[in-house]
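Novice: Under the UniProt record's numbering, the sequence shown has 44 at position 44, and the numbering climbs by one with no breaks.
Ideal Cβ placement from N, Cα and C applies to all residues, glycine included.
On a predicted model such as this, the values are computed, not experimentally measured, just so you know.
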Amino acid sequence: MRAIFGLVLMIGIALAGGAVYMARDYVGAYQAALEQERAARGTVVPTVQVMVAKRPLGYGETLTRDAVRAVAWPENAVPEGSFTDIAALFPEGRDKDRVVLRAMQPDEAIMALKVTAPGEDAGITSRLKKGMRAFAIRVDVASGVSGFLRPGDRVDVYWTGNVNNAIEGARGEVTRLILPAVELIAIDQVAGRDVEGTMIARTVTVTASPEQVAALAQAQTTGRLSLALVGAGDDTIASVIEVNQRKLLGLGDVQRAPEKVKKRVCTIRTRRGAEVIDIPIPCRK
């Protein structure tokens with residue numbers, strides 16, 4: 001009996017020790033998970049509600065509530081001009097619809113510069129800044145960069161024309177840069193930027209100041225205009241450029257022959273009968 005009792009006692013002690021060991025591991029794992037959760041809560045980034053596109057949106061499309069949804073956006077990374085309130089994006093009242101000005105993809109933030117003001121049309125008037133005007137330039141395949149121009153691009157405008165008798169000492173045709181880095185706001189009747197493929201245009205519309213419009217009108221009437229596409233990341237402004245035939249061929253400027261100084265002759269008129277005669281006399285200083 002004593003042997004059986006001792007065996008049972010040893011088994012009980014072993015089971016108790018195993019239970020304590022398992023409980024210690026469980027408590028340790030629980031405490032580790034709890035610490036991880038506390039650490040994760042401490043690093044949560046504060047967010048703010050931002051309105052984004054629910055589906056692809058194209059230029060000229062009327063923006064509706066069912067095309068927009070709200071998402072949590074990191075508070076320190078909200079794009080400037082984004083809408084954080086659905087009421088601000090869709091104000092109450094009739095004729096308050098907004099129109100898409102730039103194509104947007106799903107989950108792209110809706111910003112003020114991508115849509116019109118409430119009730120505003122998406123025409124090119126909404127693309128003109130204060131004090132600027134829209135002016136159309138006639139182009140063809142060659143002068144219009146082979147159809148690769150898009151609304152939003154910037155171009156240098158060159159004038160080619162004849163300057164005979166217009167500038168002293170200048171003859172023949174010259175080409176001159178008259179306006180650098182002018183923004184295009186429409187190609188023919190297309191003002192949207194989401195244009196695919198090439199477009200052979202007959203006219204392009206640029207944004208310019210009233211003085212620049214006058215210069216363009218005069219240049220278009222008196223000569224030919226050509227456009228040179230400016231790179232998307234190029235912020236340099238071209239200086240005054242003028243090329244004529246002699247400069248193109250490297251001949252240099254024509255040296256004008258010195259004018260001959262005519263000798264001063266002083267005379268006095270006298271009458272002899274019915275005849276009037278000029279008699280030379282010394283000139284007075």
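#1: Could you give the DSSP three-state label for GLU61: helix, strand or coil?
#2: Three or more C-beta pairs under 8 Å: does that hold for the segment 179-189 against the segment 101-117?
#3: Just mark PHE148 as buried or exposed, buried being the case when its beta carbon has 16 or more other beta carbons within 10 Å.
#4: Tell me whether GLU173 sits in a helix, a strand or coil according to DSSP, three-state version.
#5: Pull the bridge partners of VAL276 from the DSSP assignment, please.
#6: Judging by CA-CA distance, which residue of ILE277, GLY58, SER126, VAL206 is the nearest neighbour of VAL139?
#7: Taking the CB atoms as reference points, tell me whether VAL45 and ALA70 lie closer together than 9 Å.
#8: Between which two residues does the beta strand (DSSP E) carrying VAL71 extend?
#9: Look at the Cβ atom of LEU216, then the Cβ atom of GLY144, and state whether they are nearer than 9 Å.
#10: Assuming LEU101 contacts TYR59 (C-beta within less than 8 Å), just tell me the rounded distance between them.
#11: Going by DSSP, what residue range makes up the alpha helix (DSSP H) through residue 294?
#12: Apart from the five residues just before and just after THR175, which ones in its own chain have a Cβ nearer than 6 Å to its Cβ?
#13: Does DSSP put GLN212 in a helix, in a strand, or in coil?
#14: Could you tell me which residues DSSP pairs with ILE281 in its beta bridges?
#15: Taking Cβ positions, are LEU177 and ILE281 nearer each other than 9 Å?
#16: Quick check: the Cα distance between ALA109 and GLU75, rounded to an integer number of angstroms?
#17: What does a CB cutoff of less than 8 Å around CYS283 pick up in its chain, not counting 5 residues either side in sequence?
#18: Could you tell me which of VAL48, ARG65, THR47 sits nearest to LYS54, measuring between CA atoms?
#19: From the DSSP secondary-structure annotation, give me the bridge partner or partners of ALA109.
#20: Could you pull the start and end residues of the beta strand (DSSP E) that ARG246 belongs to?
#21: Going by the beta-carbon positions, is the gap between PRO56 and PRO106 smaller than 9 Å?
Specialist: Checking against the coordinates, here is how it stands:
#1: coil
#2: no
#3: exposed
#4: strand
#5: ARG271
#6: VAL206
#7: no
#8: 68-74
#9: no
#10: 7 Å
#11: The requested residue 294 is not part of the displayed model; the chain covers only 1 to 285.
#12: TYR158, THR160, VAL243
#13: helix
#14: CYS266
#15: no
#16: 13 Å
#17: ARG264, VAL265, CYS266
#18: ARG65
#19: VAL52
#20: Unbroken run through ARG246 is the alpha helix (DSSP H), 245-248; no beta strand (DSSP E).
#21: yes
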